[in-house]
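Beneath this line is the structure, given in structure tokens, with notes to follow.
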């Protein structure tokens, strides 16, 4: 029974990967459409903003996964 509880509390890598992929897809498509629509020098700003958001999404999701892993280990050890 304790093993089932520990398994349900462990970080879910698969779901975090799917969420990250979906977020990156939405941001990438929105940035591409907006950059193409705007065109010219402002498109470069849109490109940089899209890149910054993509890096932010990756760092946030990695942080969430690491934090859940730490919380699961501290909860199992204490």
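Residue numbers (the numbering used here): 55 to 132. Even for Gly, the Cβ is constructed at its ideal location relative to N, Cα and C. Keep in mind that this is a model prediction, so the values were computed, not measured.
request  = With a 10 Å radius around its C-beta and 16 neighbouring C-beta atoms as the bar for buried, classify residue 111 as buried or exposed.
outcome  = buried
message = Can you give me the C-alpha to C-alpha distance between residue 95 and residue 74, rounded to a whole angstrom?
response = 29 Å
task = Pick out the complete alpha helix (DSSP H) segments inside the segment 68-131, 4 residues or longer, and give them in chain order.
result = 94-131
query = What do you reckon, are the CB atoms on residue 81 and residue 92 nearer than 7 Å?
reply = With contacts defined as CB atoms closer than 7 Å, residue 81 and residue 92 fail to qualify as a contacting pair.
query = If you check the beta carbons only, do residue 85 and residue 104 fall under 7 Å apart?
reply = Closer than 7 Å, so yes.
task = Pull up the distance between the alpha-carbon of residue 102 and that of residue 76, whole angstroms please.
result = Residue 102 and residue 76 have their alpha carbons spaced roughly 20 Å apart.
message = Rounding to the nearest angstrom, what Cα-Cα distance links residue 71 and residue 107 in this structure?
response = 17 Å
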